[in-house]
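Student: Would you mind keeping the following structure in view while I ask a few things?
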Amino acid sequence: MTFNLVIPVYNRIHSIRRLMNSILKTPIRGNLDIYISCDGSSSSAVVDYVNSIQWRHGEYKVIQQSKQLGVDAHILACMKMAKDLGHVILLEDDLVVSSSFQEYLLHAQKLIKQERNISGLSLYRYPILESNHFPFELIPNNEFIYYMQRPSSKGCFYSWDMLEPYFKFLETFDNDFESYHLPENVKKWSNEVWEKSFYCFLQHSGTYLAFPRYSLTSDFADIGVHMKKQTLKYVHQSKLYISKRFGDFNKLEETDNVYDSFYELIPRVVKKYNPELEVYDFEMDIYGNKTLSKISSEYLISEKPTNIGLFGWERRLKPEINNLLFHQEGEFYQLAKTRSFRQKNRQEKLKENFLYYYPDTRIKDLIKMKWSEIISRFI
Numbered sequence: 060m061t062f063n064l065v066i067p068v069y070n071r072i073h074s075i076r077r078l079m080n081s082i083l084k085t086p087i088r089g090n091l092d093i094y095i096s097c098d099g100s101s102s103s104a105v106v107d108y109v110n111s112i113q114w115r116h117g118e119y120k121v122i123q124q125s126k127q128l129g130v131d132a133h134i135l136a137c138m139k140m141a142k143d144l145g146h147v148i149l150l151e152d153d154l155v156v157s158s159s160f161q162e163y164l165l166h167a168q169k170l171i172k173q174e175r176n177i178s179g180l181s182l183y184r185y186p187i188l189e190s191n192h193f194p195f196e197l198i199p200n201n202e203f204i205y206y207m208q209r210p211s212s213k214g215c216f217y218s219w220d221m222l223e224p225y226f227k228f229l230e231t232f233d234n235d236f237e238s239y240h241l242p243e244n245v246k247k248w249s250n251e252v253w254e255k256s257f258y259c260f261l262q263h264s265g266t267y268l269a270f271p272r273y274s275l276t277s278d279f280a281d282i283g284v285h286m287k288k289q290t291l292k293y294v295h296q297s298k299l300y301i302s303k304r305f306g307d308f309n310k311l312e313e314t315d316n317v318y319d320s321f322y323e324l325i326p327r328v329v330k331k332y333n334p335e336l337e338v339y340d341f342e343m344d345i346y347g348n349k350t351l352s353k354i355s356s357e358y359l360i361s362e363k364p365t366n367i368g369l370f371g372w373e374r375r376l377k378p379e380i381n382n383l384l385f386h387q388e389g390e391f392y393q394l395a396k397t398r399s400f401r402q403k404n405r406q407e408k409l410k411e412n413f414l415y416y417y418p419d420t421r422i423k424d425l426i427k428m429k430w431s432e433i434i435s436r437f438i
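In my numbering, the protein residues as written are 60 to 438.
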C-alpha cells in the first residue's frame, strides 16, 4: 500500500528539517508519497528547503496555499486532502518519526478495514494526563493498540471514510461546546482549535481513535502559534518505538485498554474484572477530573470524597487502574451514587499525586524547580 504523508508548514525551518531528516532515514518499503502544504506567506527559507528535497520513494509535491489560513484552518485543509487521496497521514512539522512508522501503518491496515468505530489511527502515544501532566499508564498486557475518545494532533492516519462524518458534523455544530463533557484544559482552548471540535465529534459519534502502546512519533513542541515558550519542551516527548515486531492489534470490542475523553477506562472492562459491579450503571473518574454536573450515570467510581461508598479500593498498585482490576480493597476510590460526591481540595489532590508518582521527590526541590521555571517565563 502507498501511504500519503501530508505535512503543513509555515515558518519553522529547523522543525521541518528535523522531521524530514527522520523520514529520510527511514527504510521505506515500496512507495510513500509526500505532500508538503505551505501556508500563505510561508517563510522563503521553508519554501526553498522543501522544494530542494530529493525523494526517491514515490511522488513528492509542494503545495502553495493561496492565502494564509492559520494553523488550525491549514490542518483542516490538509485533512480534506483525504477526499481526493483516499487517506492522509498528517504530520505537523515539529514532530519526528520512528524508523518503524511505516511498518506500524502496514501492520494496522487489517484493523483499519475491519474496525468501523474508529475515526483515526494515531502514530503518537500520549504519555501524560494533559489535565495535570502526571503519567498516563495502560493496563499491562499484550495489546499494542489501545482506544481513546480523544483526537491526536501529533501524527495520525485518516481515511476519508473516517473524516467525512467529522466535516459533516462541523456543518451544524456551531461551536456548541457546552453540550459536551470536555476536560477543563480543553475548555480553555480557543474555539478555532480543531482538536476541540474533534473531541465533541468523537462523543457525538461514539467513535474512538486507535493509539499505539509505544509511540511512532514524538513532539518537540517548538515555539509556534500554540506554543509561545518552550517551558514544556519535555512534556510532549513520547518514547519512540524502534522494533518492527508488534503486539496485538485487537478490535475495539476485544480490547481491554479502551478509554474515554478523560483517560478513564470504560466501565465494560472494569466489570469484566469485577463481576460484582455488573448490576451498577456507573462512570469512571479515578483521576477525579470529571465535572459532576455533566455525569448522567446513577453511580460513579471516583477519587472524589463521599461518605456513602458501596465499594472501595486503595491506591497502592501501579498503574492506578490495577487497584480496581486486582480488587485492592480500601477507601481511596469509591463506588457511590454520583450525587453523593463532592470536589476534592486541589492542594490535597496535588500532594497525593506527587507522593504516588514521585515518592522520592523532596518538596524543597520541587519549590526550587518551580521557581526557576517561573523566572524562565520572563527571560
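For each residue, glycine too, the CB sits at the ideal point set by N, CA and C.
Is there contact between the region 209-220 and the region 134-153, where contact requires at least three CB pairs shorter than 8 angstroms?
Tutor: Contact between the region 209-220 and the region 134-153 is present, because at least three Cβ pairs lie under 8 angstroms.
Student: Ignoring anything shorter than 3 residues or poking outside the region 224-277, list the beta strand (DSSP E) runs there in chain order.
Tutor: As far as the region 224-277 is concerned, its whole beta strand (DSSP E) runs of at least 3 residues are 267-271.
Student: H116 and I87 - do their beta-carbons sit closer together than 8 angstroms?
Tutor: Taking the sequence shown and counting its residues from 1, the one referred to as residue 87 is at position 28. Taking the sequence shown and counting its residues from 1, the one referred to as residue 116 is at position 57. Yes, the Cβ-Cβ distance between I87 and H116 is below 8 angstroms.
Student: For Q123 and F226, what's the separation of their Cα atoms in angstroms?
Tutor: Within the sequence shown, residue 123 is the residue found at index 64, counting from 1. Within the sequence shown, residue 226 is the residue found at index 167, counting from 1. Looking at the two C-alpha atoms, the distance is approximately 23 angstroms.
Student: Quick check on this structure: which residue in K142, F270 and L241 has the alpha carbon closest to the alpha carbon of Q262?
Tutor: To locate residue 262, count along the sequence shown from 1; it is residue 203. The option with the nearest alpha carbon to Q262 is L241.
Student: Just to confirm, are T314 and I204 a CB contact at a threshold of 8 angstroms?
Tutor: Translated into positions along the sequence shown, residue 314 becomes position 255. Translated into positions along the sequence shown, residue 204 becomes position 145. For T314 and I204, yes; Cβs fall inside 8 angstroms.
Student: Taking only three categories from DSSP, how would you classify Y346?
Tutor: Taking the sequence shown and counting its residues from 1, one reaches residue 346 at position 287. Three-state result, Y346: coil.
Student: Using 10 angstroms around the beta-carbon of G99, count the other beta-carbons present and answer buried if the total reaches 16, otherwise exposed.
Tutor: Locating residue 99 in the sequence shown gives position 40, counting from the first residue. Looking at its Cβ environment, which holds fewer than 16 other Cβ atoms inside 10 Å, G99 is exposed.
Student: Could you check if Y346 is buried or exposed, using at least 16 other CB atoms within 10 Å of its CB as the buried criterion?
Tutor: Position 287 of the sequence shown, counted from the start, is the residue given in the question as residue 346. By the 10 Å Cβ count, Y346 comes out buried.
Student: What distance in whole Å lies between the Cβ atoms of Y339 and T397, which are believed to be in contact at a cut-off of 8 angstroms?
Tutor: Position 338 of the sequence shown, counted from the first residue, corresponds to residue 397. Position 280 of the sequence shown, counted from the first residue, corresponds to residue 339. Actually they do not touch by this definition, with Cβ atoms about 11 angstroms apart.
Student: Please tell me whether K377 has its Cβ less than 8 angstroms away from any Cβ of chain C.
Tutor: Absence of chain C from the displayed structure is noted, only one protein chain being present.
Student: According to DSSP, which residues form a beta bridge with W372?
Tutor: Taking the sequence shown and counting its residues from 1, one reaches residue 372 at position 313. Beta-bridge pairing links W372 to E388 and Y392.
Student: Under 6 angstroms Cβ to Cβ from L336, same chain only, skipping five residues before and after it: list those, please.
Tutor: Reading the sequence shown from its first residue, position 277 is the one you call residue 336. Contacts found: K330.
Student: Given 8 angstroms as the limit, is there contact between the region 155-174 and the region 240-259, that is, 3 or more CB pairs closer than that?
Tutor: In short, these stretches do not touch, since the Cβ pair count stays below three.
Student: Determine the extent of the beta strand (DSSP E) in which M207 is found, giving its start and end residues.
Tutor: Here the question's residue 207 lines up with position 148 in the sequence shown. Element bounds for M207: I204 to M207.
Student: Please list, in chain order, all residues of the same chain as R76 whose beta carbon is under 8 angstroms from its beta carbon, the five residues on each side excluded.
Tutor: Along the sequence shown, read from residue 1 onward, the residue named residue 76 stands at position 17. Answer for R76: Y108, listed in chain order.
Student: If I follow the unbroken beta strand (DSSP E) through P67, where does it start and stop?
Tutor: Locating residue 67 in the sequence shown gives position 8, counting from the first residue. Here the beta strand (DSSP E) through P67 covers F62 to V68.
Student: Counting beta carbon pairs with one atom in the region 296-313 and one in the region 151-161, are three or more of them shorter than 8 angstroms?
Tutor: The answer is yes - the region 296-313 touches the region 151-161, with three or more Cβ pairs under 8 angstroms.
Student: Buried or exposed: which applies to D153, given that a residue is buried once 16 or more other Cβ atoms fall within 10 Å of its Cβ?
Tutor: Within the sequence shown, the letter at position 94 stands for residue 153. It is buried - the Cβ of D153 has at least 16 other Cβ atoms within 10 Å.
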